[in-house]
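Structure first, then comments.
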Amino acid sequence: RYLISKTSSPTSIKRQLGKRIRWGFLLGLMVLIYGSHAPLITLTKVDGKVPFNPSSCVVMIELAKLLISLMTLVLTGGTANLCAFPRLAFVAPYAVPAILYALNNNLVVLMQAYMDPSSFQVLSNLKIASTALLYSLCLGKRFRPAQWLGLGLLMFAGVFHSYSNLDLEEPDKGEAEEVERLHITAWGLFLVLVYCCVSGLAAVYTEGILKSQQLPLSLQNLYLYIFGVVINGLSSFSSAASDKGFLEGYSWVVWVIIAGQAANGLLMSVVLKHGSGITRLFVISCSMLVNALLSWSTLGLQLTALFPVPVAMIGLAAYLYYR
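Following the numbering used here, the numbering of the sequence shown begins with 190 at its first residue and continues without gaps.
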């Protein structure tokens, strides 16, 4: 919410307008990158399978963010901060987000044994509620009733959109063995709740540490992504789940994915440092709609007649929260 008083000077008005334009461009770019992620992965598939090692792609994304952070630090003259070797107690807290995100990546794989992917897609929207609750409890954010209503509406928009895209028709007898039915076990429900809590905690913790220390954002990102490269690298090289080489199957589309996700991670750091983690939830929800539109326009997937409903719900949620 930006209110410009009648007594504001032209310079102040221009400054505020410029700030809003920059934020609008940044958030719009993030929504586009988030929304294009799944369609781009689909474009990489060969015979219905991803031809590259997903864990190596995660490592490359973390490495790209690390190199860009280092380059930004050098270009902005912040290398003086690297002259003195930092104390371990000072840098160690930056390892926590990398550990939490690595845990979530493994949870996503583990949950596949206890539920189908469509059920996970629907239930993962609960991370909006868990993030809001942790944001309130850990960072002391006090939401107005209208804001709680907006966040609840945002969560149900995600659930509604995911559910409306499920194929709930009974498969033919001949196809019954090939079609994965909707299912979820009690253990799967527990794991998805853990996943949502860990996801919310990672976002809240990252925002807390970025805002609590008066350091250049590029230096903080450097600390974050050093641990990201190390932890995800160890996870990738210790995993025997894939027989593919580290860079095997990489195409230009894969490199576009890496560049986009690296940019999105860095932009998200800007949002968490200077904005709010709740904004991240709106970005993710809006990207869900962009994902559907891109899938329709590039992959030929059909939009359901109910598609305008989650669009309206997200719009109303944004109005209730930011009014």
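Glycine included, C-beta positions come from ideal geometry on N, C-alpha and C.
Exercise for review: Enumerate in chain order the residues of its own chain whose CB-to-CB distance from V393 is below 8 Å, with the five nearest sequence positions on each side excluded.
Suggested key: Scanning its chain for C-beta atoms nearer than 8 Å, with the 5 sequence neighbours on each side dropped, one finds around V393 the residues T320, L323, Y324, C327, L328 and G466, in chain order.
Point to revise | the stretch 281-299 contacting the stretch 412-420, beta-carbon criterion three pairs below 8 Å | key: By the Cβ criterion, the stretch 281-299 is in contact with the stretch 412-420, since at least three pairs of Cβ atoms, one from each stretch, lie closer than 8 Å.
Check your understanding: So, is the C-beta of L216 closer than 9 Å to a C-beta in chain C?
Key -> The chain inventory of the structure shown lacks chain C, comprising one protein chain alone.
Check your understanding: For K330, does the three-state DSSP call read helix, strand or coil?
Key -> In the three-state DSSP reduction, K330 falls in the coil class, being neither helix nor strand.
**Study point:** L380 versus M300 - alpha carbon distance
**Key:** Whole-angstrom Cα-Cα distance: 7 Å.
Practice item. Would you check if the stretch 210-228 and the stretch 386-405 touch, i.e. whether three or more CB-CB distances between them fall below 8 Å? Key: No, the stretch 386-405 does not touch the stretch 210-228.
Review point. Can you round the beta-carbon distance between M304 and G377 to whole angstroms, since I take them to be within the 8 Å contact cut?
Key: Right, the Cβ-Cβ distance comes to about 4 Å (below 8 Å), so this counts as a contact.
Check your understanding: From what residue to what residue does the alpha helix (DSSP H) around L315 run?
Key -> Per DSSP, L315 is not a residue of any alpha helix (DSSP H), being assigned neither H nor E.
Check your understanding: Residues in its own chain within less than 8 Å of L340 by CB, not counting five upstream and five downstream?
Key -> Short of 8 Å from the beta carbon of L340, and not among the five residues preceding or following it, lie these beta carbons of its own chain, in chain order: I317, A318, A321, F332, I467, L470, A506 and Y510.
Point to revise | Three-state class that DSSP yields for K254 in the structure shown | key: Note: K254 maps to helix in three-state DSSP.
Point to revise | Beta-carbon spacing of S458, L495 below 9 Å | key: Pairing S458 with L495 gives a Cβ-Cβ distance that is not under 9 Å.
Point to revise | Exposure label - I202; buried when at least 16 CB within 10 Å | key: Sixteen is the threshold: since fewer than 16 other Cβ atoms of the shown chains lie within 10 Å of the Cβ of I202, the residue is exposed.
Review point. Comparing alpha-carbon positions, which option in L232, N453 and P240 lies nearest T438?
Key: Position check: residue 438 holds Gly in this sequence, whereas Thr was assumed. When only C-alpha atoms are compared, the closest one is P240.
Review point. Start and end of the alpha helix (DSSP H) containing G207?
Key: That run of the alpha helix (DSSP H) goes P199 to T233.
Review point. If you draw a straight line from the C-alpha of A452 to the C-alpha of P334, how long is it?
Key: The C-alpha of P334 is placed about 34 Å away from the C-alpha of A452.
Check your understanding: Are three or more beta carbon pairs between the stretch 441-448 and the stretch 225-236 nearer than 8 Å?
Key -> The stretch 441-448 makes contact with the stretch 225-236; the number of CB pairs closer than 8 Å reaches 3 or more.
Exercise for review: Report the rounded CA-to-CA distance for E396 versus V297, giving the unit in angstroms.
Suggested key: For E396 and V297, the distance between alpha carbons rounds to 23 Å.
Check your understanding: When the Cα atoms are used, what is the spatial distance from G147 to F435?
Key -> Residue 147 lies beyond the stretch modelled for the chain, which goes from 190 to 512, so this question has no answer here.
Check your understanding: Is it the case that the CB of I415 approaches a heavy atom of the ligand MN more closely than 8 Å?
Key -> Looking at this structure, you won't find the ligand MN or any other ligand, since it has none at all.
Check your understanding: Quick one: what's got a C-beta closer than 8 Å to N293's C-beta in the same chain, skipping five residues either side?
Key -> Result list for N293: Y384, V387, S388 and A391, in chain order.
Review point. Residues in its own chain within less than 6 Å of S476 by CB, not counting five upstream and five downstream?
Key: If we look at S476 and ignore the five residues flanking it on each side, its Cβ neighbours are V220, Y223 and G224.
Review point. CB-CB under 7 Å to K462, same chain, minus the five flanking residues each way: which ones, in chain order?
Key: Excluding positions up to five away in sequence, the list reads L399, K400 and L406.
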